[in-house]
Structures are given as C-alpha cells and as structure tokens.
Amino acid sequence: MFRAFAVGAITLAAATTLHAEEFKWASTTDPQTLDPHAVNSAPVLGFLNNVYEGLVRRGKDMRVEPALAKAWEPIGDGEGWRFTLREGVTFQDGSAFDAQDVLFSYQRASSEAADTRSWFAPISDVKVVDDYTIDFLTNAANPLFPSSIANWMIMDSDWAEANEAALPDKDNGNYATLNANGTGAFQVTAREPGLRTVLEPFDGWWGDAEHNITRAEFTPIQNPATAVAALLSGDVDMINPVPIQDAERLSTSPDVTVIKGIEARVIMLGFPHEADVLKYGTDQGKPNPFKDTRVRKAVAHAISVPAILRTIMRGNAEAASQLVSPAMNGYSRVLSERPPFDVTKAKDLLTEAGYPNGFSFGLKCPNDRYLNDEAVCQAVVSMLAQIGLTAELDAMPVRTYWPELREDNYDMYLLGWSPGTFDAEHPIRFLATTPNPDKKLGSWNFGGFSNPRVDELLPQIQSEIDPATRQAKLDEVVKILQDEQAYVTLYVQPLVWGTGKNIELTQRPDNFFILRWVTVN
Amino acid sequence: MLAYIIRRVFQSVIVLLVVGLVAFSMFRFVGDPIDNMLGQERTQADIDRLRTDLGLDKPFPVQYFKFLQGAVQGNFGVSYRQGRPVSTIIAERAPATLELAMVSGFLAISIGIALGVFTAIRRNGIAANTIMTLSLIGVSLPTFLIGILLIYVFSVELDLLPSFGRGETVQIGGWSTGFLTASGLKALILPSITLGLYQMTLIMRLVRSEMLEVLRADYVRFARARGLGERAINFRHALKNTLVPVITVTGLQLGSIIAFAIITETVFQWPGVGLLFINAIQFVDIPVMAAYLMLISVMFVGINLIVDLLYFAIDPRLRVDGRTA
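See below:
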C-alpha cells in the first residue's frame, strides 16, 4: 500500500517537473549547420556553444574562463601558449577527450575548407606534449590568443573520422552538418533544419549544472509578429529579438519580461576615402568632398545621436565614441567623448572646407541587417539636410548591400561591427588598417581609409604583452581615428530579448543564448 | 484527344523552359549568396574561391544549363544554406504544404459551395445578406492580416489554439502527417482558415451568381412546372449546371493555394515549401529558389492541363468540338 502510494507520488512529481522544466525558445535565424568549423557566424556559434566546448569559454561577464583547458600559460618569451587539459571529460557519444582531439580540431578548424581559419593565422605549429598538455606556437608574441579562441570548439577525432566528416564541407554538407557530438552541457537529440532542434542535458558533462532544464526545443520564427504572439500565448518561453517597437508594450504584459542590454555591435557611417568623385546625387562626377577631414567632422557634428536613440531606439541604446563599446577589452576610456551635436560648428566646418552651400551625394543603407537600420538612415538624411547636405538614400536588403559596397557604389554608407574577439584590436584590423588582401588586413575597410601610423601600431598592439603599454597604443589609434574622423560612430546597438515571467536567464553582450544559465520556475 | 494532349504537353515543356530562363536571369538581382555563406573574417580570396566553386562567376545561361542538366537527372543541386540536397529538403517540406492546401481547399470548396447555394436560394433572406456582406471581408482583407488577427484572438487572447508551427507530426514512410495527432489537427485550424478564406468567398460568390443565372433558365422553370421537388431542382439540375465554371476556377485556385501559401506559412511559421522559399530568397539560396519555381510552374501547367481535360469530361459539347477541330 505504502509502496504503491510512494510510486504514485514519484510519478506525479516526475510528470509535473517534466512539464515545468521543458524550455522552448525562438529566434529569427536557424543555425545553418551543426558543424562548428564550417560557418563562422553568430547564430551557428551561439547555438553550438550549448553543445560543443572550446579550450576556453566566456562567462556571464564575457571574461575568458577555463573550459576544456584547466589552465594555460605563455611559453618562453612570447613563443606561444601551453594549455593543460581537463581530465576525465567525455564526448556525448562516450569516448574520452584528450590532446589528440584538440590537435585534430585545430587541423579541422584551420583547414582550407573551414570558415574559422583566420583564428589560427598567428599559429605556426601545434605540438602534443602528452595526453593532457598541448602547445600552440605562435609566429610572434600573441597575448590575445587564448581569448581569441573562445568560440573554437573541440570535436572528437574518432567520431569525425568514423563518420567521414574529418573536414567541414560547406558546399555539400556531411555527417557533422546534421549531427553533433560535443562535450557540452547539452546534446542534440533531434535536428530538423529550419523547423526545430531538440536539446537534452548531457548526463556525462564534467561541469555542475546551473540550469534545471530537462528538454529544450529551438524553433526559428522569422516573422517578428508571430514570435511576439508565440511568446504572449506561452507557446515559447523566450524570443530573441523582441522588435524594438514592441518592447515597451510587451514589458507591460503580466506574463512577459523584457530583458534589455547592449550588444557588442557599434553602428557607424563610413566614407569613401579613396574615391575621386561623387557617384550619386546632383553633384555626381564632382570631386569627392569626403576626402576632406573637415567635411567628415561636419557630418559628425550634424548628427544628433541622442535624438536617434530617443526616437528610433526608444532609449534602448547608447552613443558610441569609438569602434568598440565600453564592454570590450581595450576600450579607450580617455577618449570616450563623441563629437557634440552642433549645427553651427558643422556649417562652419563645411564653409571652411569650401562647401558653404553644401552638396548632394548618395547614402547607401541596409534595410534588414541592423535594428531599424533604414529608419536610422532616414534620420541621418534629415539631420544632414540641416547643414545643407542633400543625401539621396538608397536602402536595400543586406544580400545586395555587401556586393554594392565591395563595388564601391556609395558616397557614404552605414556599417555595424561586432568584434568577434571582444577586443579593440579586432575592428582596427578589419576596418582601420590599409586594405591588404595578402596580409588579410582591412578586409571590411570599404572606403580604403589609410594611415601609416595605424598600420604600424596594429602589429605592435597584437604582440604587446604589457596591458598599460598596449592600452596606450590602442588609445593612440582611437585618437588618430577620431582626429581624422575615419568613421562617424553613432551608437551601440541594443539587445532586446523577451521571456516568460517564470524564466531566469543571462543575456550576454555577444547575443549568444547560453542554455545552461536558464532556470525555469 | 491524344494529339491534343501531346500538343499541350509540348507547350507545357516550352513554358517551363521559359520560366526557368526568366528565373535564372533574375537571381542575380536577388543578391549575392557569398556574404551569407562566409563569416565576418572572410578575405577577398575566400570570396573568389567560393564564387568559382559554386559556378557563380559564370554567365546565367551557363548556370541555367547546368541546372537543367542536373534537373533532368533528378538532381536539383545542394542548398547553399543547409548543405543538403534540395530534393531531400523539398520532399521533407512538401507534406506540410500539401496537407495545409488540402484542408484549406476542402474547406473552401465545401463551405463555399454550400454557402453559395444557400445565398442563391434564399437571396433575400437576412442570413444570406449577412453572409454576402461578411464575404466581402474575405475577399478584401489581405491574408497576413487575417492570420495575425486569428492568432491574436485564438492564441493570445483565448489561448485555444497554437500560434505557430505544425504541432506533433507522425512519420509514415517519407510523409510526415499532422492529421494523426491532436496537436497536429489543432495546429491546422488557423492556417487553413487563413489560407482558404479568400478561395472560399470566391467560390461562394461564383456559385451564387451562377446559381441565380441557372435558376432563371427555362429548364428550371419547366422542372418546377413538372412538379419536381425543390431539392431535386436546386441540387440535381441547377447546381450541376453551375459546376463547369466553378471547376475551372477551383482548379486554378488550387494551384494558387499551394503557390501562395507562402504568406500564410510565413505568418504561422508553417514548415512548408513556401516558408522554405522565403528563407531561400533571404539567403539567396539559388538551388532552392530554382527548384521551387520549377516545381510551382510544373504544378500550374499540370493543373491547367487537367482542368482542360476535365472540361472534356463534363461538357459533351466541347468533346464534339474537340473531335471536329
């Protein structure tokens, strides 16, 4: 009798907890692959961070912390890094983790077929010392290396080879595109691309679970209105993102919590630094005024960032003074002032530059890449009109936007940049150095901004070990970029998530959703 | 008859080839898939290499020819986005769209004809006039608005039906069906109403006006004079004679139900081929776009052919004309 009662109670408890701890979430983009080395994009890496793990990982405050490596230390005088691996870790298929898997994952992730190759550009050689010690030798001193590989995930060599997935295959896909075998806190138990992906806790995980989820299901929902309805009706427990215009209304709902934060992404305006003539507008064919620093400064003074934040971002973002947000490593605190909104000063600068009556030009803008990007560009157009600059706005989907920028079809453009390494060095490498395909520098510097001192400082920043000296060099670059007004930085993009009232989670500025920090109450 | 069919099939093949050519000439304006496939840290060399690998550096007639070469062998290429064969993906997604189309088609035809007959017979009644007025909503409101409205009322406010997705599905062979589970059936209700509403009102209005026409015809008056019952007159004589135009329209509408399920599928995150197509456009997934467009044109051409053949079956006059022609 007692036993029957006890069994009944247990089943009941199991049934209720099972129900309570099921977690469903939705986001706009489905990870296009489960292969952690095939595509270097936030939706893929963010999702796979729940399944695979790297040698190091980022914590709730974005600080780098030990994961599959227990510890790491520099070798000699900047020759490389030695990682001591965690023992007793198993992959989700049960096989053991050791240095061979790290070596294999290095070879896989740095291969020609991988999209993550650039992370390993500074590496000259990788040597397995013993089963749980591995050396990464670098070409030059590289203090940043451990924090630059937080998204490099370790795959089991035997599993990959047995399933003929020793190399990523982006064009045709392979076993690893649809299946995953990591060491992470969750394992993929069902995968239907574009429809749903089911994750369940991995019993053999080495860490202590902070979550109470028994099953998690991810569904991509592209239509923002549908996602909001799904959250309101309780069909999903979390959505990312919440459309910014709905955030306020949703936060008044009794069933929903809106979580706001600042993303790592800085939105800015870029200029053609090399073009000889204007390409659009009524002044088409006339000499390019944006070559003159005073004109670029006039643009900076003419734009009221607070007004943009108030009206378009509804108070959810903050102004940006440099290419990275204050949350990033290497942010220059001494140079955190943005050029103030000052129409008179802007007009004076234009007059000084020889354009008292302004001029007309073309502004290119994406309309589906950043939050409310087209609206921001429209605001920029009307603000520039106040100082006599007539911008012809051409907004387009991002799939045609990048090709246009690569073809140099713009007189001014909007760009957002989120540093993958969470370090101020990243945007300098991609946006501020003179474009040089051989050295893989300046690959997103569409306007061709070039300053010899910045080019000289970048390698020094990359190899400087002393934090104070490094920061001084970073500050110097920021100073040059501000003095030259290479870009007009506008604001740091907001991050708005919505959850059910019973959900507790942590929002990280890289917009990665980490399942192991979720609690369902 | 046989010559007619052969001629029609031949014409259909030409139509398909032209559709493909137009589609391929447009893809370049949809955008460039390269940026979506490579990460932030790509170099110009990566871009050029991938473009060559995918054959995107070739002019569009060459790309089209390569696509046709594969297509006739049943190989539609590999999706840029998912890295899986397009034929597999479409086969996975087709059941969702077909089941949705089937249910909304059934709703549209059955309710449409019933209401059409009702409003024709009782054309001065209050109920009939109310239905006619309401049907204007179905014709004039855009699909996405109806969808959002239904979600708002039945999912958010009343919490009766799911707001998105297909619910639980059961796999039978290669076919995933939502007909066999409670959540699957519940999930079908809102999207099928959304998708079928326009067709339903269209069929209803068509049946009504045809019925009114036929009810005034001499043979109906004679039938009434012969003392036949109302039921026999309305359904055996009148309705049967209204069906020829109804079948044409319904047939063509069936095609558009499948083709234009895109909007309904986007609103309800319904995992069918329409949603697949929208995602493919966003990603510039050329193989998926090409296969989808070809599939839809094959379907339209096929339905037109079937409708033409049905005419032969229903209307004896056409058969005679067909023979003498």
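Chains as they are written, first to last, in my numbering: chain H, 795 to 1315; chain E, 417 to 741. Even for Gly, the Cβ is constructed at its ideal location relative to N, Cα and C. Note that this is a predicted model, so its numbers are computed, not measured.
Between H:LEU1284 and the set H:MET1062, H:PRO1191, H:PHE1216 and H:GLN1180, the nearest pair of CA atoms involves H:MET1062. Within chain H, no residue has its CB atom less than 9 Å from the CB of E:MET705, the nearest being about 12 Å off.
Taking 8 Å as the upper bound for CB-CB distance, H:LEU1309 and H:ALA1010 are in contact here, some 6 Å apart.
The C-beta distance from H:ASP909 to H:LYS921 rounds to 25 Å, too long to fall under 8 Å, and the pair is not in contact. The CB of E:ALA603 never comes closer than 7 Å to any CB in chain H; the least such distance is about 10 Å. Annotated three-state conformation of E:ASN720 is helix, per DSSP. By the C-beta density criterion, E:MET442 is exposed, having fewer than 16 other C-beta atoms within 10 angstroms.
CA-CA distance, H:GLY967 to H:SER912, rounds to 21 Å. Cβ atoms of H:PRO1229 and H:GLY1242 come within 8 Å of each other, at about 6 Å.
Between H:SER951 and H:ASP895, the CB-CB gap stays under 8 Å. Comparing alpha carbon positions, the residue from H:PRO1066, H:PRO1035 and H:ARG1059 closest to H:ILE1053 is H:PRO1035.
By the 16-neighbour rule on beta-carbons within 10 angstroms, H:THR1020 is buried. Cβ neighbours of E:GLY486 within its own chain (closer than 8 Å, five residues either side excluded): PHE492 and GLY493. DSSP, reduced to helix, strand and coil, places E:LYS482 within a helical segment of the structure shown. An exposed status is given to E:GLN460, since fewer than 16 other beta-carbon atoms sit within 10 Å of its beta-carbon. In this structure, DSSP gives H:GLN886 a state outside helix and strand, which the three-state scheme calls coil. When the beta-carbon positions are compared, H:ALA1147 and H:PRO1191 stay at least 8 Å from each other. Contact of E:TYR568 with chain H by beta-carbon distance below 8 Å involves ALA1023.
Contact between the segment 709-718 of chain E and the segment 1205-1217 of chain H is absent, with fewer than three C-beta pairs closer than 8 Å. When only Cα atoms are considered, H:GLY1079 and H:GLU1219 end up about 36 Å apart. Taking the beta carbon of E:ILE564 as reference, the chain H residues within 7 Å of it are ALA1019, listed in sequence order. Of the residues H:VAL1093, H:LEU1026 and H:GLN1265, the one whose Cα lies closest to the Cα of H:GLY1124 is H:GLN1265.
Ranked by Cα distance from H:VAL1118, the first of H:GLN901, H:ALA1226 and H:HIS1095 is H:ALA1226.
Contact annotation: H:PRO1014 and H:ASP824 have beta-carbon atoms nearer than 8 Å. DSSP, read as helix, strand or coil, puts H:TRP819 in strand. Non-local beta-carbon contacts of H:PRO962 in its own chain, meaning distances under 6 Å to residues more than five positions away in sequence, involve ASP829, HIS831, ALA832, ALA907 and ALA908 in chain order.
As computed with DSSP, H:GLY874 is found in a beta bridge with H:ILE869 and H:LEU931. Nearest Cα to H:GLY853 within the set H:ASN1315, H:THR1313 and H:PRO1303: H:PRO1303. In this structure, the CA atom of H:ARG1104 is about 9 Å from the CA atom of H:ALA1111.
In this structure, the CA atom of H:ARG1127 is about 26 Å from the CA atom of H:ILE943.
Around the beta carbon of H:ALA1096, 16 or more other beta carbons lie within 10 angstroms, which makes this residue buried. For H:LYS964, the nearest CB of chain E lies under 8 Å from its own CB, placing it at the interface with that chain. Proximity of chain H to E:LEU692 at the Cβ level (cut-off 8 Å) is accounted for by GLY988, in chain order. As the crow flies, the alpha-carbon of H:SER835 is around 11 Å from that of H:PHE1306. Bounds of the beta strand (DSSP E) holding H:PRO1160 are 1154-1160. Taking C-beta atoms as the reference points, E:GLY554 and E:MET627 fail to come closer than 8 Å.
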